[in-house]
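Asker: Pasting in a structure now, in C-alpha cells, and then I'll have a few things to ask.
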Amino acid sequence: MTIKLEPIPSAAARCMSDGQMQLAHTADRLARERFFGRAAGYDEAAQFPSENYDDLRQAGLTGLRVPAEYGGLEVDPLTYAMCILAVARGCPSTALTLTMHTNVLGSFVGGLGTPEQQNWYFREAVDDGQLFASITSEPGASARERFVLSTIFTPVAGGGYRVTGTKHFCSLADAADYFFVTGIIAGSGGGSDNIVSAMIRSDMSGVEVTEQWDAVGMRATASHTVTYATVAPAHAIFGPPGRILSADWGSFSLGYAAVYLGIAEAAYGYITDYVNEKTWTPGGGAIINHPGTQKAIGEMSVAIQSGRLLLVDAALTDRSANPTGAVLAVNRAKQYCAEAGVSVTDAAMRLAGGGGLLKSSPLERLRRDALSGPVMPPANDRCLETIGKLECGLPAVTIELT
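Going by my numbering, the residue at position 172 of the sequence shown is 175; the numbering climbs one at a time, nothing skipped.
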C-alpha cells in the first residue's frame, strides 16, 4: 500500500513531540506492513481482526488512553487521533473497534470511575490485554432523536442491579471481555436522572451474544447483538444515576472522524498509484495525463486536506477551557470526514472503472466501509443540527439519552 500523503499531517506534526510522532509512526507502520494485507480476509469472513489486536497489544496501542501510572500511553487527543487515522488506512474495522475500546477506558473508566474501578479496569486492559466495548444501541431506538433506552436496571440487594435487555450493533461483541452497558432504572418512567451504567463481563451467566452481523461494510467489527439477563454487582456500577451524561462523548466522535478520513486516505493512495500506472490503449499514455483524471484527483486532495485540518482542530480544541468550541470542532470534523470517506471512495471507484468493483481491489471494500460514516452516531444530520444551533446561540446536545 502506498500513501501519497505524509503519514502525519503537517498541521499536527508542528504540535507533536518526537515521542508522540513515534507512536503515530508505529501505528502507520503496523497499518502498512500488517493490517492492510489482512483486511480483505477479515472483511470476507466478517471476522474480528484478532491478529491485528495482538500487534496493537504488543505495541501498547490498546492502552492509548490509559494513564501512564497504570502502564498505559496516556496520549493527548491529537496523538490519539493521528494513531487512529493511521490504523484506519490499513484496516478500518480495526480502527473503529480500537476507537470503541480506548474510549471506554478513557471517557468512561477514566472520566466516571472511582479510584478502585480505575485501578481494576486499567490494569485489566494493560496487564491482561482485556478488551472493552461500549454497548448503547438498541433495536427500535435512534440517536438521531432523543435516544429512549429500553434496557432495564432493577435494583438488587447490595447496591447492584439486575440488567435485562437487548443491545445491537455491538462492536467487538464476540471479542470483548467487558461490556459497558447503559440502561434505565426499573419503574422510574425514564428521564436522564434515572440512567445507570455498568461494566459487565462478557462471560457472565445471562450474557448471550448472537452472531448476526452481516453488513455491507465494517464487517470485521463483529457488531453482533447482545442480550442481557444478569446481575451487575455494586462495584461494577459507574456513578450515581445520570452520571453518564457528564462523560466525554466527543472523544468518540474524534475517533470516528479519524477512522473515516483514514478510509479516504487509503483510497486516495491506491487510486493515485493506479492512475499513474494504468495506460490508455491505443497510445499507451498514462490515465493521469487526462484532464478529467487530474480534476478528480484534485478534488480528492482538497477533501482530504480539509478533513485533516478539521481533525487537527477538533483534537487541539480544549474541552475544559472552551466547551462550546470543542463541541463545534468535533461535530464539524466528524461530519466532514465521514462525508469525505464517502466522496473520495466514490471518486476513486469512478476513476478505477470496472476494476474497482473487483474483490481483488481494495477500493470496493473501502467504499463499503465508508458507507457507515454518515450514519455512525452522532449521525451527520445530527452533527449539522448541533453546529447550526450553537452557531445561532441556541442550546444543543449532540447525544441525548433518556
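Using N, Cα and C, we set each Cβ at its ideal position, and we do this for glycine too.
How is M207 classed by DSSP in three states: helix, strand or coil?
Answerer: When DSSP states are grouped into helix, strand and coil, M207 belongs to the coil group.
Asker: Could you tell me which residues DSSP puts in a beta bridge with P158?
Answerer: Y164
Asker: Taking the Cβ atom as the reference point for each residue, do G168 and I188 lie within a distance shorter than 8 Å?
Answerer: no
Asker: What does the alpha-carbon distance come out to for the pair I87 and D372?
Answerer: 15 Å
Asker: Could you say which of T117, G287, L67 and A289 lies nearest to M103 if we only look at CA atoms?
Answerer: L67
Asker: When DSSP builds the beta bridges, which residues end up paired with A136?
Answerer: F182
Asker: Using only alpha-carbon positions, find the residue among S226, V151 and A232 that is nearest to G194.
Answerer: V151
Asker: Counting beta carbon pairs with one atom in the region 117-129 and one in the region 245-262, are three or more of them shorter than 8 Å?
Answerer: no
Asker: Check for me: the beta strand (DSSP E) holding V229 runs from which residue to which?
Answerer: H227 to A235
Asker: What does DSSP give as the partner residues of K170 in its beta bridges?
Answerer: V229
Asker: Run the CB neighbour count on S292, radius 10 Å, all protein chains shown included, and call it buried at 16 or more, exposed below.
Answerer: Checking the sequence, you will find Asn at residue 292 rather than Ser. When all chains shown are included, N292 counts as exposed.
Asker: Hey, how far is the Cα of Y164 from the Cα of G396?
Answerer: Going from the Cα of Y164 to the Cα of G396 covers about 40 Å.
Asker: Does the Cβ of N334 have 16 or more other Cβ atoms within 10 Å, making it buried, or fewer, making it exposed?
Answerer: buried
Asker: Check M19 in the structure and name its three-state DSSP category.
Answerer: coil
Asker: Can you give the Cα-Cα distance for L76 and P285, rounded to whole angstroms?
Answerer: 55 Å
Asker: What do you reckon, are the CB atoms on Y343 and A399 nearer than 8 Å?
Answerer: The residue asked about is misnamed: residue 343 is Ala in this sequence, not Tyr. The answer is no: Cβ separation not under 8 Å.
Asker: Whose CA, out of A62, L314 and G192, lies closest to the CA of A329?
Answerer: For the options A62, L314 and G192, the alpha carbon positioned closest to that of A329 is the one of L314.
Asker: Less than 8 Å between the CB atoms is what I'm expecting for Y181 and F135, so what's the real figure, rounded?
Answerer: 5 Å
Asker: Quick one: grab the DSSP three-state call for L404.
Answerer: strand
Asker: Whole-angstrom Cβ separation of A289 and K298, contact assumed at under 8 Å?
Answerer: No, A289 and K298 are not in contact; Cβ-Cβ is about 15 Å, not under 8 Å.
Asker: Which same chain residues, not among the five before or five after D58, have their C-beta less than 8 Å away from its C-beta?
Answerer: L33, R37 and F38
Asker: By the three-class DSSP mapping on this structure, what secondary structure does S191 have?
Answerer: coil
Asker: Output the distance between the C-alpha atoms of I6 and Y263, rounded to the nearest integer angstrom.
Answerer: For I6, the predicted structure reports a pLDDT of 49, less than 50, and the residue's modelled location is therefore unreliable. A value from the coordinates is still provided. Taking the straight line joining both Cα atoms gives about 15 Å.
Asker: Indicate whether the contact test is met: 3 or more Cβ pairs, each with one atom in the region 363-381 and one in the region 36-56, closer than 8 Å.
Answerer: yes
Asker: Distance, Cα to Cα, A160 vs S153?
Answerer: 22 Å
Asker: In whole angstroms, what is the alpha-carbon distance linking L360 and E148?
Answerer: 35 Å
Asker: For the alpha helix (DSSP H) holding F255, just list the boundary residues, first then last.
Answerer: G253 to E280
Asker: Across which residues does DSSP place M202 in a beta bridge pair?
Answerer: F183.
Asker: Based on Cα-Cα distance, which residue from V166, S375 and G376 lies nearest to V229?
Answerer: V166
Asker: Going straight from the alpha carbon of A179 to that of V107, what length do you get?
Answerer: 12 Å
Asker: Please classify T117: does DSSP put it in a helix, a strand, or coil?
Answerer: coil
Asker: Are there 16 or more other CB atoms within 10 angstroms of the CB of W216, so buried, or fewer, so exposed?
Answerer: buried
Asker: Among A318, S226 and A341, which has the Cα closest to the Cα of L81?
Answerer: A318
Asker: Can you tell me which of Y73, G310 and F241 puts its alpha carbon nearest to the alpha carbon of N197?
Answerer: F241
Asker: How about T224 and L99: do their beta carbons lie closer than 8 Å?
Answerer: yes
Asker: Would you call the region 347-355 and the region 300-312 touching, i.e. three or more CB-CB distances under 8 Å?
Answerer: yes
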